[in-house]
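Participant: Numbered according to this note's numbering, the sequence shown spans residues 7 to 621.
The beta-carbon is built from N, C-alpha and C at its ideal position, and this holds for glycine as well.
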Amino acid sequence: MKLRGYAGRLLYVDLSNSRVRVEDLNEEWARQFVGGSGLGAKFLYEMSDERTSPLAPENPLIFMTGPFTGTSVPLSGRHAVVCRSPLTGIFGESDVGGSWGANLKRAGFDGIIITGRSEKPVYLWLHDGRWEIRDASHLWGKDTYEIDPVLRGETHEKAVVSTIGQAGENLVPLAAILTDGKDARAAGRCGMGAVMGSKNLKAIVVYGTGNVSVHDPESVARLPKEFAPLINKNAENFRKYGTSGGLSAFEAMGTLPLQNWKFVGRWEESAEKINGFTMSETVLTGRYYCDACILGCGRKVKVEKGPYAGVDGAGPEYETLALLGSSCLVDDLEALCFANELCNRFGLDTISTGGAIAFGMEAYEKGLIDREDTGGIELRWGSAEALIGMIKMIAQKKGAGEILGKGVKKASEEIGKNSVEFAMHVKGLELPAHDPRGYNAGAVAFATSARGACHLSGLSHTFERVLKAPEIGIPEPLDRFKVEGKAALAAKTQNVMGMMDSLKLCKFILFGGVTLTDIVKWYRDVTGAEMTIEEFMKTGDRIFNLKRLYNVRLGISRKDDFLPFRSLTFKRIGKGLTPNLPPLGQMLGEYYEYRGWSEEGIPTPEKLRELGLSR
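1. Output needed for residue 187: all residues of its chain with C-beta closer than 6 Å, excluding positions within five of it in sequence on either side, in chain order.
2. Residue 629 and residue 113: beta carbons closer than 8 Å?
3. Find the nearest neighbour of residue 207 within the set 214, 523, 41, 146, judged by alpha-carbon distance.
4. Where do the N-terminal and C-terminal ends of the beta strand (DSSP E) with residue 137 fall, by residue?
5. Tell me which residues share the same chain as residue 170 and place their Cβ nearer than 7 Å to its Cβ, disregarding the 5 neighbours each side in the sequence.
6. Could you work out which residue in 7, 262, 241 is closest to residue 578 when comparing CA atoms only?
7. Three or more C-beta pairs under 8 Å: does that hold for the segment 267-276 against the segment 571-586?
8. Below 8 Å CB to CB, which residues in the same chain sit around residue 283 once its five sequence neighbours on both sides are set aside?
9. Please report the distance separating the alpha-carbon of residue 405 from that of residue 421.
10. At which residues does the beta strand (DSSP E) containing residue 118 begin and terminate?
11. Reducing DSSP to helix, strand and coil, say where residue 510 ends up.
12. Apply the 10 Å Cβ neighbour rule to residue 442 and answer buried if 16 or more other Cβ atoms are within range, or exposed otherwise.
13. Between which residues of its own chain and residue 381 is the CB-CB distance below 7 Å, once the five residues before and five after are set aside?
14. In this structure, how does DSSP classify residue 548 when only helix, strand and coil are distinguished?
15. Touching or not, the segment 528-543 and the segment 86-106, by the rule of three or more beta carbon pairs under 8 Å?
16. At 4 residues or longer, what runs of the alpha helix (DSSP H) sit wholly inside the segment 551-613?
17. Taking the alpha carbon of residue 656 as the reference point, which residue from 8, 185, 225 has its own alpha carbon closest?
18. May I ask you to report which of helix, strand or coil DSSP gives residue 233?
19. Tell me the start and end of each unbroken alpha helix (DSSP H) in the segment 159-189 that is at least 4 residues and wholly inside, in chain order.
20. If contact is defined by three or more beta carbon pairs under 8 Å, each pair taking one atom from either stretch, is the segment 351-368 in contact with the segment 323-332?
21. Quick one: residues in its chain with C-beta nearer than 8 Å to the C-beta of residue 226, no 5 flanking neighbours on either side, listed in chain order?
22. Who are residue 319's beta bridge partners in DSSP?
23. Going straight from the alpha carbon of residue 249 to that of residue 35, what length do you get?
24. How close, in whole Å, do the beta carbons of residue 511 and residue 74 come, if the pair is a contact with beta carbons under 8 Å?
25. Taking the continuous beta strand (DSSP E) assigned at residue 89, which residues delimit it?
26. Return helix, strand or coil for residue 276, following the three-state DSSP convention.
27. Find the nearest neighbour of residue 389 within the set 370, 379, 401, 411, judged by alpha-carbon distance.
28. Can you give me the C-alpha to C-alpha distance between residue 465 and residue 503, rounded to a whole angstrom?
29. Nearest-angstrom Cα distance between residue 192 and residue 30?
30. State the DSSP-derived secondary structure class of residue 208, mapped to helix, strand or coil.
31. Where do the N-terminal and C-terminal ends of the alpha helix (DSSP H) with residue 526 fall, by residue?
32. State the Cα-Cα distance for the pair residue 372 and residue 13, rounded to the nearest angstrom.
33. Would residue 281 and residue 517 qualify as a contact pair, given that the criterion is a beta-carbon distance under 8 Å?
34. Touch check for the segment 426-435 and the segment 557-577: three-plus C-beta pairs under 8 Å?
35. Looking only at C-alpha atoms, which of 41, 42, 68 sits nearest to residue 53?
36. Please state whether DSSP places residue 418 in a helix, a strand or coil.
Structural data, given as structure tokens:
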């Protein structure tokens, strides 16, 4: 039976010769890898290898939707971007909300695969099955907020723009791809914007008016109304305060990043100044909803007075407030709104940028870099001026900004002098805002994630706090400091999130009380294909192992499944905090055994045969 829920076509664009072709979607691959990052990983695995440099024309930049994208399935307004990362040098993926992916699907395409390099700046315009490569010379040098209305004026007023800013043009490894204009949904992690910039591709503009064919239209159409009461009741705080509503709670738990993860004590009063509750009482003007969203967790903010007047657009998420804010000890909310907008305009990942600047502040504190390196900036803890100044230097690749813009791994290698001891990354990707010392399963998931330090590829830490999944043996959240069973928990949740990222389903739906049983039923209603919970988990396992295989090609093994030195040696101390250090070595052995990998972290031939990944 033919799978529903797919447009059934992929667009291949070779910018070196301006050739565009359409190919039918490989339905066997769609059944095996679903869509999104899973299908993207399959194309990356087949189209590149260890000889493919991240910024070379041959590195494919893959935009991929999933079967849920563009349908009425709640919280399905997402797409994936996949390529070899210029920041880490390994498998790279980034997940994006907004309405761009839904428009691509409604325009008649499941994905776009871009190779080559244009001789001059260009943008791609797609509208209901038609495409055009257009000159973008007049847009080069403009930020993401500036070009959004220009491109909608040149194409269609309802078109959605996915674009890079100056950071992507300058090939900064921290560069992001931004979509939805001032609402600023970002493919932030892994340097996707630099790959897009290396191809001289300024933007991809899409507008689709078609319908996505599903197996059971009536059932799918009922889903929003059927599940809205449940989701809104269980995830009410996401609606009211967005992701930043949890900032003070994470500070109290001891998992909020503070002073590049070295802070001793508590930061309660400062956390209160920048959390979601304060935002809602001061600068918040509205909420933003991705396509098919019920929650509306996106923030809209405005600053009308003072040194940061003029901010008007997307508000900072929790990760942004934590990495640009608490990790740098900056507790000025309006300054952080300004810093967030700068990153959005330049096209910078706020997580990696914040991590890099916090690393820079510690290097400055230790005398490893000085004012000559920073262009006169006093790169001191708590300085909003220093934070903002360094964001500009990173985007422009000036002075210390060029070094920090390479990410903390490469920056520490250049600076030397034991700076590696406070370079907070895994596999070259800066830590997100969840301290692995506070979650043992989260620590394993961070260490083993395909793209490097990542809270989303497993979401394991949330199953140590609030989430449960009885269908896969997690009837209740597990104590976060318990060691027993945490390796298996990390692997199970990574498999679940692999499916979420491939179906293209926002993970916040799990906080809304939606179960894996519900999601499996939605898959049948959309595609027409039957799937059990066991098949759901096996498909997630296949996707995770494929990403691992890609990294194994590049030399990744147990030696790379680490946590930063500080996370394994320096206990977090403060009133009411548990000074935990995750026993990573022990848990890794258990994790590899559960996964069916060798002691060196390589999938065994038996495991590959089980998953249908053998050559």
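Facilitator: Well, looking at it:
1. Here residue 187 has 154 as same chain residues with Cβ atoms under 6 Å from its own Cβ, once five neighbours each way along the sequence are excluded.
2. The structure shown does not extend to residue 629, since the chain spans only 7 to 621, so no value can be given for it.
3. Measuring from the Cα of residue 207, the nearest candidate turns out to be 146.
4. Under the DSSP assignment, residue 137 falls in the beta strand (DSSP E) whose first and last residues are 136-141.
5. Contacts found: 181, 183, 199, 202, 203, 208, 353.
6. That would be 262, whose Cα lies nearest to the Cα of residue 578.
7. Yes: at least three Cβ pairs fall under 8 Å.
8. When the five nearest sequence neighbours on each side are left out, the beta carbons in the same chain lying within less than 8 Å of the beta carbon of residue 283 are those of 247, 251, 254, in order along the chain.
9. Taking the straight line joining both Cα atoms gives about 13 Å.
10. It spans 117-121 - the beta strand (DSSP E) in which residue 118 sits, taken as one unbroken run.
11. The DSSP-derived three-state label of residue 510 is coil.
12. Residue 442 counts as buried, since at least 16 other C-beta atoms from the protein chains shown sit within 10 angstroms of its C-beta.
13. The beta carbon of residue 381 sits closer than 7 Å to the beta carbons of 399, 404, 405 from its chain, once the five residues preceding and following it are set aside; these are given in chain order.
14. The answer is helix: DSSP assigns residue 548 an H, G or I state.
15. The segment 528-543 makes no contact with the segment 86-106, as fewer than three CB pairs between them are under 8 Å.
16. For the segment 551-613, whole alpha helix (DSSP H) runs of length 4 or above, ordered along the chain, are 571-575, 590-601.
17. Beyond the ends of the chain as shown, which are 7 and 621, falls residue 656; an answer cannot be given.
18. In the three-state reduction of the DSSP assignment, residue 233 falls in the helix class, which pools H, G and I.
19. Listed in chain order, the complete alpha helix (DSSP H) runs (minimum 4 residues) inside the segment 159-189 are 172-175.
20. Touching, yes.
21. Same-chain partners within the cutoff: 77, 78, 79, 220, 528, 531, 532.
22. DSSP lists 307 as partners of residue 319.
23. Whole-angstrom Cα-Cα distance: 34 Å.
24. With 8 Å as the limit, residue 511 and residue 74 qualify as a contact, their Cβ atoms being about 6 Å apart.
25. Its beta strand (DSSP E) spans residues 85-90.
26. Residue 276: helix per DSSP, three-state reduction.
27. The residue with the shortest Cα to Cα distance from residue 389 is 370.
28. Taking the straight line from one Cα to the other gives about 7 Å.
29. The straight-line gap from Cα to Cα measures roughly 28 Å.
30. Of the three classes helix, strand and coil, the one that applies to residue 208 here is strand, per DSSP.
31. It spans 522-533 - the alpha helix (DSSP H) in which residue 526 sits, taken as one unbroken run.
32. C-alpha separation (whole angstroms): 55 Å.
33. No, these two residues do not count as a Cβ contact at 8 Å.
34. With three or more CB-CB distances shorter than 8 Å, the segment 426-435 counts as touching the segment 557-577.
35. Nearest option by C-alpha distance: 68.
36. It is helical.
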